[in-house]
Amino acid sequence: MLRSVAIVCLATLVLAGCSMPKPASNVSAEDLAGTGWELQHWQQRNGAAYPLMPGGNGGPISIRFNRDGAANILSGNAGCNRYRGGYTLGGGYLQVLPAATTRMVCLSPERAKLEQDYLEVLTTATTLTRARDPGRDLDTLTLASDNGDELLFVRVMNGEPPEPAGNTVGGGMTGQ
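Just so we're aligned: the sequence shown equals residues -24 to -1, 1 to 152 in mature numbering (1 follows the signal peptide of the UniProt record, and there is no 0).
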C-alpha cells in the first residue's frame, strides 16, 4: 500500500513538472542594452518558414534594445512602420508591453500581413535566448512566442539597425 502511494505521488510530481513552463531566457536587459538585431529567419509553430520579403517601403525587420533610466525599451522596424515599446525580462521570462507604431501604409498586402504577424508574435514573446560564436563572429538572438513561433535575429555589428529614410511620413507613433 505504501509503495502504491509513493508511486502515485512520484507520478503526480513528474506530470506537474512536465506541465509547468520552464524559463528559457539566458540573457538580461543589461546584456541587451544598446544592441541592434535584424530578423534572418522565422520558424512558424507548424514548422514551416515564414517567407520574409525584402524591399517594399520598409527595411528589414529589426529590433533594438535600450534603457531609459530604469525602463527597458525596444524599438525597430516591423516591415513598413517603426515601433517602440517597453519590455520586462526577468526570471527567465520575457514580457513585451504594447508598442506604439508609425502609420505608414505598406505598399503590398503581403508586406502589411508580414508586419501585422510580426507585431503579434512580438507581443506574445515569452523567451529570449542568445548564442555567440566568436570563431565565426556571429551573435544571434532567438525570440520565442507562447504560440510556438521562433524569430532568429542576427546582431548588427555597429548596434544600429538601419532606419529606412522617409519612415516618419504619415504621422507619428500611435498606440497599437
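Using N, Cα and C, we set each Cβ at its ideal position, and we do this for glycine too.
Quantities reported herein were computed from a predicted structural model and do not represent experimental measurements.
- Judged by DSSP secondary structure, Y94 falls within the alpha helix (DSSP H) whose first and last residues are 85 to 99.
- Residue pairing from DSSP places Y59 in a beta bridge opposite G52, T77.
- In this structure A9 is not in contact with N53, their Cβ atoms being roughly 19 Å apart against a cut-off of 8 Å.
- Judged by DSSP secondary structure, D7 falls within the alpha helix (DSSP H) whose first and last residues are 5 to 8.
- Residue state for G45 is assigned as coil, using DSSP reduced to three classes.
- Counting every other CB atom within 10 Å of its CB across the protein chains shown gives S51 a total of 16 or more, marking it as buried.
- Here the stretch 81 to 88 does not lie against the stretch 105 to 123, with fewer than 3 beta-carbon pairs under 8 Å apart.
- Judged by DSSP in its simplified three-state form, R21 adopts coil rather than helix or strand.
- In this structure, the alpha-carbon of G66 lies about 7 Å from that of S4.
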